[in-house]
Amino acid sequence: MIKGIGAVMVILAGGGWGMLQAAKIEECYRQMRYLRKLIFRIRSEIRYSRQVLPEAFLHVGSEAQEPYKMWLLSLCERLTKRQGTSLAGIWEEETRKYLTETGIPQDMTESLIRLGSELGTIDIEMQVRTLDLYLEQMEQKMEDMRTEQKERIRLYQCVGVTGGIFLAIILL
């Protein structure tokens, strides 16, 4: 009887692990969608409202969710007070400080950091084009994630349950 209960617990633990891994994949995609929305809003603030970067960060950041809110507001504050060496340096520091734990893939985080080195130019149209290029890269990455997402979620769930069953058989 106790072995049967233990076996069921091991199978449930394996299934739980698979569900947790599937949830991480879904959260990563959700974070990418939200970041894309924020970048698009920054682009709109620059292009249509003719805002300078600190003001655009303030407007978008005031309505964003955490940790993006702190990231954008911190960028605004440091750029306004001229703390740091350059926009690229401030952007990299704040991005690494606030956005490394969001679940966004590492390559997209590095691409976001590179985006900061290309912003802040005098020409508004060049800034908008730079943001457009980043948004296109995000779209491509999200499309790749979307095609893999269903397969990987199913794979993690199956591996979790199958691994739990395998362990339960070994333990019996």
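Each residue of the sequence shown is one higher than the last, beginning at 56 in the numbering used here.
For glycine and all other residues, C-beta sits at the position ideal for the given N, C-alpha and C.
The alpha helix (DSSP H) enclosing residue i, as first and last residue numbers
i: Asp-199; result: 179-226
i: Ser-99; result: 57-102
i: Leu-128; result: 123-136
8 Å CB neighbourhood of residue i in its chain, flanking five on each side removed
i: Gly-70; result: Gln-212, Gly-215, Val-216, Gly-219
i: Gly-158; result: Lys-79, Glu-82, Cys-83, Gln-86
i: Thr-150; result: Trp-126, Thr-164, Leu-167, Ile-168, Gly-171
Test: residue i CB closer than 8 Å to a CB of chain D
i: Lys-205; result: Note that chain D does not occur in the displayed structure, where there is just one protein chain.
Reduced DSSP category for residue i - H, G, I as helix; E, B as strand; rest coil
i: Glu-118; result: coil
i: Ile-159; result: coil
i: Ser-141; result: coil
i: Leu-174; result: coil
i: Arg-105; result: coil
Contacting residues, own chain, Cβ-Cβ under 6 Å from residue i (five flanking each side not counted)
i: Tyr-153; result: Pro-122, Met-125, Trp-126
i: Val-65; result: Gly-219, Leu-222, Ala-223
Same chain, Cβ closer than 7 Å to residue i, five either side skipped, listed in chain order
i: Ile-80; result: Gln-204, Arg-207, Ile-208
i: Thr-140; result: none
i: Glu-110; result: none
i: Gln-192; result: Ser-166
- Contact between the region 57-67 and the region 87-99 (3+ Cβ pairs under 8 Å): no
- Message: With a threshold of 8 Å, are at least 3 pairs of Cβ atoms found where one atom belongs to the region 97-111 and the other to the region 70-80?
- Response: As far as the Cβ criterion goes, the region 97-111 does not touch the region 70-80, which means the pair count is below three.
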